[in-house]
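**Student:** One line per chain: the protein sequences are A and B, in this order.
According to the numbering used here, the first sequence holds residues 769 to 901 in order.
According to the numbering used here, the second sequence holds residues 769 to 901 in order.
Backbone N, C-alpha and C fix where the C-beta goes; we use that ideal spot for every residue, glycine too.
Handing you this structure, nothing more for now.
Protein chains: 2
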Amino acid sequence: MRNSKQSETIKANVMGRYDHPTAAMVYESVRREMPNVSLGTVYRNLDRLVANDEILRISVPNQADRFDATISEHYHLVCEKCGGVSDVESARVTRALKRAFCESSGFAISEIQLVAMGRCESCNSNKGGICQN
Amino acid sequence: MRNSKQSETIKANVMGRYDHPTAAMVYESVRREMPNVSLGTVYRNLDRLVANDEILRISVPNQADRFDATISEHYHLVCEKCGGVSDVESARVTRALKRAFCESSGFAISEIQLVAMGRCESCNSNKGGICQN
DNA sequence: TTACTATATAGTAATGATTCTCATTACTGA
DNA sequence: TCAGTAATGAGAATCATTACTATATAGTAA
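In structure tokens:
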């Protein structure tokens, strides 16, 4: 693994932001200080950072993957209206999930992909949702 | 909403199988008895069935969406090796999730997308995974 | 039955995210 | 400095999904 100006810039960009950007968002941002980066290079570097456990990849249904420099255990809430992503610190949920999934199945679970969809506080006017159950 | 031979055939196909097929799998299958169906028609009808709560759409990271005729509350385990999908009955997990996500956030959660990735019993030789924690 | 109208379909083009290819560039260790 | 090789840029390719459009057909009313 070699160093390059591009890989440093891309890494600094993702590590320095907390808005859960997509690859395209990182690309736009990096492009401002390095106009010739290619989107492929952004993807390649993000993939590498994910592989090295330096950032997380968040798969959101029907949307581009997002990337997250916060490595500590947490899950995500995605607002269906404004697209914003919030973090939920939740070691407790993980424990419950591991218990429920592993114990009852022969599966060796390596990763749990969990995303909650809904409306964030400011977008939510009609107060619906499963909390009311 | 009108009836057509295609919509009936597509519905019967998904409702009659338990292998969590993708749209392409349904298409291949339906095409055997109706060689001229178009993939677009399959997508349209699956979308309609999802909208009517007759089937579920399962979003799996980096894979095509899968469809599930089992409506009762459950989650999915996807084998990273063979691609198989297993069901996990789990009202208990849902209760824990709702509690953890709703109570601590201003979010109105409409849907929780949860997929556990790992190795199914027959693909799992080296016995790794988070169960060991 | 027939005619009418709106919906569904087939076929295909378009889209969007991501990956791949390959010629070129530029680190890095000798 | 130089060779070897990994990383890059540019753009083509891929894959799932959606959009478009002309045609076919279901439901309905006469």
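1. List the residues of chain B whose Cβ lies closer than 7 Å to the Cβ of Arg-860/A, in chain order.
2. Please classify Val-856/B: does DSSP put it in a helix, a strand, or coil?
3. From Lys-779/A to Val-846/A, what distance separates their C-alpha atoms?
4. Go ahead and pull the three-state DSSP assignment for Asn-901/B.
5. Buried or exposed: which applies to Phe-875/B, given that a residue is buried once 16 or more other Cβ atoms fall within 10 Å of its Cβ?
6. What's the gap between the Cα of Met-783/B and the Cα of Asn-781/A?
7. Strictly by DSSP, which residues pair up with Lys-835/A?
8. Measuring CB to CB, does Arg-883/A end up less than 7 Å from His-842/A?
9. In the structure shown, what three-state DSSP assignment does Gly-796/A receive?
10. When the Cα atoms are used, what is the spatial distance from Phe-835/A to Glu-871/A?
11. Rounded to the nearest angstrom, what separates Ser-806/B and Ile-826/B at their Cα positions?
12. Along chain B, which residues have their Cβ under 7 Å away from the Cβ of Val-883/A?
**Tutor:** For this structure:
1. Residues of chain B passing the Cβ test: Ala-868.
2. Strand at Val-856/B.
3. Using only the alpha carbons, I get a separation of about 24 Å.
4. Here Asn-901/B scores only 43 on pLDDT, less than 50, and its place in the model should not be relied on; the value that follows carries that caveat. Correct three-state label for Asn-901/B: coil.
5. Result: buried.
6. For Met-783/B and Asn-781/A, the distance between alpha carbons rounds to 47 Å.
7. According to the sequence provided, residue 835/A is Phe. The question's Lys does not apply to it. The beta-bridge partner set that DSSP reports for Phe-835/A consists of Arg-825/A.
8. The sequence given here places Val at residue 883/A; Arg does not occur at that position. For the pair Val-883/A and His-842/A, the CB atoms are not nearer than the 7 Å cut-off.
9. Per the sequence shown, residue 796/A should be read as Glu rather than Gly. Helix, per DSSP.
10. Computed Cα separation, rounded: 30 Å.
11. Inter-residue distance for Ser-806/B and Ile-826/B is about 22 Å (C-alpha atoms, whole angstroms).
12. Neighbourhood of Val-883/A in chain B, by CB distance below 7 Å: Gln-881, in chain order.
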